[in-house]
Each structure stands twice: as C-alpha cells, then as structure tokens.
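For the sequence shown, position 48 matches number 68 in my numbering, and the numbering has no gaps at all.
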Amino acid sequence: GGHNMITTILFIGLIVVDASCRAAIANPRTFTWDPMIMAQTKTKVMKGDPTLMPAVHELVSQAELSMTHGPWSVMDKKYTPPSGSKHDYMSIGTYYWPCNWNQTAPPPSGCNQTTGLPWVRRDG
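Set out below in structure tokens:
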C-alpha cells in the first residue's frame, strides 16, 4: 500500500534528478568560454596532449606553490571596514560588467551586442 507508493515516488524523483544532472553535464553553462572547447581541451589534457602539457605543468606548479601560503584571516586586511571592526567581511574589488549592460546608454565601440564582450570595468 503506502510503502509501495513512497518507493515509487522516491524512484521517480531519483530518475528526474539523474536526468537533470546528466543534462547539466552534457550542456554546461558558462559565461565567457565556449563549453564545447572547454570539453575538448579537457579531453586533450586527459590524453596528455604535448601542446598543452607545459601549461598544465605550470598551472599545477603554481597551485602547489600557492598551497604553501596562508592560511589567511579576515583580520589580515590593510583597511578597516565601515563597521569599525576588522572582524567584519569587506570587499574592495574591481567589478566588470558586460559591455551592453546599460540599456539606456549606447554601448562602447567594439561592444558585441550578442555576447556582451568585452566586459568593462564599472564601480558597483
């Protein structure tokens, strides 16, 4: 009775989740790079493509070096946040937006209206 119904609902849920995960893997969403080129590059790296291996080795080397630094604390900041406490999170980052972000102003020259590239630096 009720036990079979719960089992059936859970089974259907697993099928839906599995299908969603497979679709996400097959069609990755990226914002800047072509997902097909990324997948092809990954395949080449996994096969040891000699044209890519120097870059892979350099990347791994830099990653291993960065693992020797830190750990960092929120207290390790030059400026105190507006709250007055260095314990608080603060971000002073540069922000980039698609070149076609502002619908009320003409885009800058060289802006690709379809892709929004190149991104432009904008505060906030």
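The beta carbon of each residue, even a glycine, is placed where N, CA and C say it ideally should be. Here the structure is a predicted model, which means the values were calculated and not measured.
Comparing C-alpha distances from W53 to each of L85, M95 and T135 shows the shortest one belongs to T135.
About 6 Å separates the beta carbon of R141 from that of Y116, a gap short enough to meet the 8 Å contact definition. If you draw a straight line from the Cα of Q133 to the Cα of T124, it is about 14 Å long. In the three-state DSSP reduction, V140 falls in the strand class (E or B). For the set S111, G113, H107 and L137, the Cα lying nearest the Cα of W121 is the one of L137. The secondary-structure analysis by DSSP pairs W117 across a beta bridge with V140. If you keep only unbroken alpha helix (DSSP H) runs of at least 4 residues inside the segment 39 to 88, you get 55 to 66 and 73 to 86.
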